[in-house]
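Here's the structure, in structure tokens; my notes come after.
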Amino acid sequence: MKKLPLSFYQRNNVLEIAKDLLGKLLVTKFDDITTSARIVEVEAYAGVNDKASHAVGGRRTERNEIMYAKGGFTYVYLCYGIHHLFNVVTNKKEIPHAILIRAVEPTEGISIMQDRTRKKVLDNTLTRGPGNVSKALGIFTYHSGLDLVRSDIRIVDDGFQYKKKEIAVTTRIGVDYAGPDALLPYRFIVRDNPYVSGKRR
DNA sequence: CGACCGATCGTCT
DNA sequence: GACGATCGGTCGA
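The opening position of the first sequence corresponds to residue 1450 in our numbering, with each subsequent residue numbered one higher.
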């Protein structure tokens, strides 16, 4: 159980970092309650030139300001007025790269997750899709701007690693508004993992 | 299984 | 005033 160091997040290739996040454990510990889950689906958002990114064209607002911080912080924002989407900020200060965690496979605290999501039946939708990930792990927009190395949201390496063959790359979900950038191969998924959202391919 | 649709509100124009 | 980096329920095939 090794916490990922700042250097992991501060590399300049957001696609590489996104791929490397697959298999790592996302852990939250709030009010002495720990839940953890293995990351199985991520999407990279590649800064000012990426039309799907909140930072497209250098757009800088109160909401996305944390994207311009150095790598290793959380960026959580509200989507559709309902869902709290969890992102990891990467690269150096002033380079607004981020990675959206879209799906995880529960490893610890499953009953807690079931309580948080208020799901009646326990199935693969528990932590499938970015909205459910945050809900299950207890992450809200007020957790935006936390330091992943020092805070109660952390990402750790327990030695597990997916094989190269198990990882697939696809286009991102729900970013049709980005025009041609919607076709970029920036989504990384674990093949055949039941928690992965959207279409397989 | 796929298509459709309503929920719900902070953020940006 | 419009619109989401979504989800879950419903309806029909």
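Glycine included, every Cβ here is placed at the ideal spot set by N, Cα and C.
Quick caveat: nothing in here was measured; it's all calculated off a predicted structure.
Does the Cβ of residue i have 16 or more other Cβ atoms within 10 Å, making it buried, or fewer, making it exposed?
{"i": "ASP1536", "result": "Rather than Asp, the amino acid found at residue 1536 in this sequence is Asn. Buried is the call here."}
{"i": "VAL1538", "result": "buried"}
{"i": "HIS1477", "result": "Checking the displayed sequence, the identity of residue 1477 turns out to be Thr instead of His. It is buried - the Cβ of THR1477 has at least 16 other Cβ atoms within 10 Å."}
{"i": "ARG1508", "result": "exposed"}
Quick test of your reading: residue i and residue j, contact by CB under 8 Å. State the CB separation rounded to the nearest angstrom.
{"i": "PRO1579", "j": "ARG1603", "result": "Their Cβ separation, rounded to whole angstroms, is 19 Å, which puts PRO1579 and ARG1603 out of contact at 8 Å."}
{"i": "ILE1531", "j": "ILE1466", "result": "Wrong, their Cβ atoms sit about 28 Å apart, outside the cutoff."}
{"i": "LEU1470", "j": "TYR1611", "result": "With 8 Å as the limit, LEU1470 and TYR1611 do not qualify as a contact, their Cβ atoms being about 11 Å apart."}
{"i": "LYS1468", "j": "ASP1606", "result": "Contact flag wrong, Cβ pair sits at about 14 Å."}
{"i": "GLU1543", "j": "VAL1489", "result": "With 8 Å as the limit, GLU1543 and VAL1489 do not qualify as a contact, their Cβ atoms being about 31 Å apart."}
{"i": "THR1590", "j": "HIS1533", "result": "5 Å"}
{"i": "LEU1474", "j": "SER1485", "result": "5 Å"}
{"i": "LEU1632", "j": "PHE1522", "result": "Not a contact, Cβ separation roughly 29 Å."}
Which partner residues of residue i appear in the DSSP bridge assignment?
{"i": "ASP1596", "result": "PHE1522"}
{"i": "LEU1453", "result": "DSSP, once it has assigned bridges, lists no residue as partnering LEU1453."}
{"i": "HIS1532", "result": "CYS1528"}
Inset, instruction - Please confirm if the region 1573-1586 is in contact with the region 1497-1508, defined as three or more CB-CB distances below 8 Å between the two stretches. - result: Between the region 1573-1586 and the region 1497-1508 there are fewer than three C-beta pairs closer than 8 Å, too few to call the two in contact.
Inset, instruction - Evaluate the contact criterion for the region 1636-1647 versus the region 1620-1628: three or more CB pairs, one atom per stretch, below 8 Å. - result: A contact between stretches requires three or more CB pairs, one per stretch, nearer than 8 Å, and the region 1636-1647 meets this requirement with the region 1620-1628.
Inset, instruction - Within the region 1456-1494, note down every full alpha helix (DSSP H) run reaching 4 residues or more, in order along the chain. - result: 1463-1470
Legend entry - Cβ contact (3+ pairs, closer than 8 Å) linking the region 1553-1563 and the region 1527-1534: These segments do not touch.
Legend entry - In chain order, each beta strand (DSSP E) run of at least 3 residues that lies wholly inside the region 1534-1567: Taking only runs of at least 3 residues, the beta strand (DSSP E) segments lying wholly in the region 1534-1567 are 1546-1557.
Inset, instruction - State whether the region 1627-1641 contacts the region 1487-1494, with contact taken as three or more CB pairs (one from each stretch) at a distance under 8 Å. - result: yes
Legend entry - Ordered list of beta strand (DSSP E) runs contained in the region 1571-1638, each at least 3 residues: 1602-1606, 1616-1619
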